[in-house]
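Q:
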Amino acid sequence: MNRDELAEFLRSRRARVTPSDVGLPGGGRRRTPGLRRQEVAQLAGMSIDYYIRLEQGRGPHPSRQVLGALGRALMLDQDERAHLFRLAGQVLETPRIREDVPAGILHLLAFLEDVPAYVMDARYDLRAWNPLANLLMGDLDSLPPDQRNVIRWVFMSPGIAEHLSDEEKGRFARASVADLRVAAGRYPDDRPLQALVAELLALSPEFAELWARHEVEVRREQRKRVTHPVVGTIDTICQVLRVPDRDDLRLVLYTTEPGSPSHRALRDLRRLTLSS
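Using the numbering used here, you'd call the opening residue of the sequence shown number 2 and step up by one each time.
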């Protein structure tokens, strides 16, 4: 159980919910945004003292029933509720991040000749990719392993503006940090993941600001506009698929609308892989 993270998460979610959201009168001046602690305790059916201790990081180990009641009181979505349970230690075992990619997924990458695709782990380290993804993302083959990290690239690369607009980068950065926060809760003992978070907190004020929001959301489908130096702008739908039986791995596919200019741009990029 991570008491400090649990306390911070509860405080951040409480500040997000207004009395009107949960059918309570909002009367009177409020010194802080969101619900009062007493209101959360009332909605969750627990004593105010018990809830205060949880928010102060000194509470007992909450049961699944208590966590379920808190999730309903704070209007948590599916991802946030799962994160709450993990922070409270309500899992059968602590999973780990592995660095191998199943052979079947490697074979699939090889067959996806017309779609940029790569495999990414929960730390956002790239583990495998096909030739089209290599061209789209800027010669991954030539990068040292420690630079094949999407989160580090988003917040630390000086050349990211050449690939993503400010709006695109901001949207992708927020989604990625929320997803990384989920991973930090799922893999609390993973030292490389902890080191990555510590590094970015120290070096990127933008990452630190987003991390402090305690937003959690598993990354799924997302639209992304990529600018390539040779074929130009490509509007893609970024599909993020879980690898079966491997929650620590995601298969990421960049698809385009058939017959669109972006589809033709990917076809042009594909020709480059054939000529190289």
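Even glycine gets a Cβ: it sits at the ideal position worked out from N, Cα and C.
Quick check on the burial criterion: 16 or more other C-beta atoms within 10 angstroms. Buried or exposed for V231?
A: By the 10 Å Cβ count, V231 comes out exposed.
Q: Would you give the residue range spanned by the beta strand (DSSP E) that D249 belongs to?
A: R247 to T256 is the extent of the beta strand (DSSP E) around D249.
Q: Drop a sphere of 10 angstroms on the beta-carbon of E81, count the other beta-carbons inside from all chains shown, and report buried for 16 or more, exposed for fewer.
A: Buried, by the Cβ-count rule.
Q: Out of L77, Q91, G46 and N3, state which residue places its alpha-carbon closest to the alpha-carbon of R15.
A: The shortest Cα separation from R15 among L77, Q91, G46 and N3 belongs to L77.
Q: Is H264 helix, strand or coil by DSSP?
A: Helix, per DSSP.
Q: Between R221 and V241, which are expected to be in contact by the criterion C-beta below 8 Å, what is the C-beta distance as a whole number of angstroms?
A: Confirmed, Cβ separation roughly 5 Å.
Q: Could you tell me the alpha carbon to alpha carbon distance between D1 and L275, rounded to whole angstroms?
A: Beyond the ends of the chain as shown, which are 2 and 277, falls residue 1; an answer cannot be given.
Q: Measuring alpha carbon to alpha carbon, tell me which of I152, T228 and T257 ends up nearest A196.
A: Of the listed residues, the one whose Cα sits closest to A196 is I152.
Q: Spatial neighbours of P63 within its chain, please: C-beta separation below 6 Å, excluding the five flanking residues on both sides.
A: Cβ within range, chain order: A89.
Q: Taking the alpha helix (DSSP H) that V41 belongs to, which residues open and close that run?
A: Segment R38 to A45, the alpha helix (DSSP H) holding V41.
Q: Three or more C-beta pairs closer than 8 Å, one from the segment 242-259 and one from the segment 118-126: is that the case here?
A: The segment 242-259 vs the segment 118-126: in contact.
Q: If we require 4 or more residues per run, which alpha helix (DSSP H) segments fall completely within the segment 91-132?
A: List check, alpha helix (DSSP H) in window: 104-112.
Q: Can you name the start and end residues of the beta strand (DSSP E) that H229 belongs to?
A: Segment Q223 to H229, the beta strand (DSSP E) holding H229.
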